[in-house]
Amino acid sequence: MHWIDKVAADIEQYWGLDGEIVCNGGLSVSGLQHVGRLRGEIVLVDAVRRILEERGRRVRHLLVLYTQDNWKGKDAQLKAFKSPEEASRYKGWRLIDVPDPEDCHRSWVEHYWKSFGDYLNEFAKSVEVYTTTQLYKMNPMKDVLREILLKKEDVRATINKYRGRKPYPENWIPYDPLCGNCRRIDS
2 MHWIDKVAAD
12 IEQYWGLDGE
22 IVCNGGLSVS
32 GLQHVGRLRG
42 EIVLVDAVRR
52 ILEERGRRVR
62 HLLVLYTQDN
72 WKGKDAQLKA
82 FKSPEEASRY
92 KGWRLIDVPD
102 PEDCHRSWVE
112 HYWKSFGDYL
122 NEFAKSVEVY
132 TTTQLYKMNP
142 MKDVLREILL
152 KKEDVRATIN
162 KYRGRKPYPE
172 NWIPYDPLCG
182 NCRRIDS
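Here our numbering is used: position 32 in the sequence shown is 33, and no number is missing along the way.
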């Protein structure tokens, strides 16, 4: 048995033979999307989807684009702009809020996703693409976020079990609020 067939069998064993199976992956649109991004979140998930569908299962392949992550303003990101010095003011902004460095799209995310996302169906069929910007506006997600904030100490303790040398401090919250003045989420 090929390892990908084993993955599909394990999924069926875990979830049972009834109902729909949702295969989910995610990508950050923090810069140029390259062919290496196809492997894990797209092509391998699509292979599992196809195997499960061949076995008669109903399957959805979701891909979440992390558009609410903080733009780090690394050297390569800054150099994408005509004025890297001026672009440094976007450090800490949500990816979706950073302008397109070439002024041909509405945002950084659209600029770097378009040339990759437009060809997604050539590598994987029926991928449903969502953004964290969309998800965070949905009531079920708001409910989850509310619950996480209410249990922030338990969440911090659980995460810190796996953070090793960089545990979060006691005042840390599992949420990056958007500053209404500077538009940053990293301060």
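Cβ coordinates follow ideal geometry from the N, Cα and C atoms, glycine included.
When DSSP labels each residue in this structure, what does Ile43 get in the three-state scheme? In the structure shown, the three-state DSSP call for Ile43 is helix.
Would you kindly work out how many angstroms separate the C-alpha atoms of Leu121 and Lys138, rounded to a whole number? So the two alpha carbons sit approximately 25 Å from each other.
Just list the residues that DSSP pairs Tyr120 with in beta bridges. DSSP output for Tyr120 lists no bridge partner at all.
Should Asp144 be labelled buried (16 or more other beta-carbon atoms within 10 Å of its own) or exposed? That one is exposed.
Close beta carbons around Tyr169, own chain, < 8 Å, minus the five adjacent residues each side: Correct list, in chain order: Arg157, Ile160 and Asn161.
Any idea which residues DSSP pairs Ile160 with across the strands? Paired residues: none, contrary to the question.
Spatial distance of Pro141 from Leu151 (CA atoms): Going by the C-alpha atoms only, they are around 15 Å apart.
Rounded Cβ spacing between Asp119 and Ser108 (contact assumed at less than 8 Å): Actually they do not touch by this definition, with Cβ atoms about 16 Å apart.
Range covered by the alpha helix (DSSP H) that runs through Leu136: Thr133 to Leu136 is the span of the alpha helix (DSSP H), which, as asked, contains Leu136.
Element boundaries [alpha helix (DSSP H), containing Leu33]: Looking at the DSSP string, Leu33 is not in any alpha helix (DSSP H), and its letter there is neither H nor E.
Would you kindly work out how many angstroms separate the C-alpha atoms of Ile43 and Ala77, rounded to a whole number? Spanning the two alpha carbons is a distance of roughly 25 Å.
Taking all protein chains shown into account, decide if Trp72 is buried (16 or more other Cβ within 10 angstroms of its Cβ) or exposed. Classification for Trp72: buried.
Of all the options Tyr131, Ala81, Lys167 and Arg95, which has the alpha carbon lying nearest to the alpha carbon of Gly26? Comparing Cα positions, the closest option is Tyr131.
Minimum C-alpha distance to Trp4 - residue among Val49, Glu171 and Glu103: It is Val49.
For a test of the three-state rule: what should DSSP assign to Val99, helix, strand or coil? Reduced to three states, the DSSP call for Val99 is coil.
Under the three-state DSSP convention, the category Asn140 falls into: Reduced to three states, the DSSP call for Asn140 is helix.
Spatial neighbours of Arg59 within its chain, please: C-beta separation below 8 Å, excluding the five flanking residues on both sides. Excluding positions up to five away in sequence, the list reads Gly20, Glu21 and Ile22.
Is the separation between the beta-carbon of Val36 and that of His62 shorter than 8 Å? Cβ atoms of Val36 and His62: not closer than 8 Å.
For Leu18, the residue or residues it bridges with in DSSP: Answer is none; Leu18 lacks a bridge partner.
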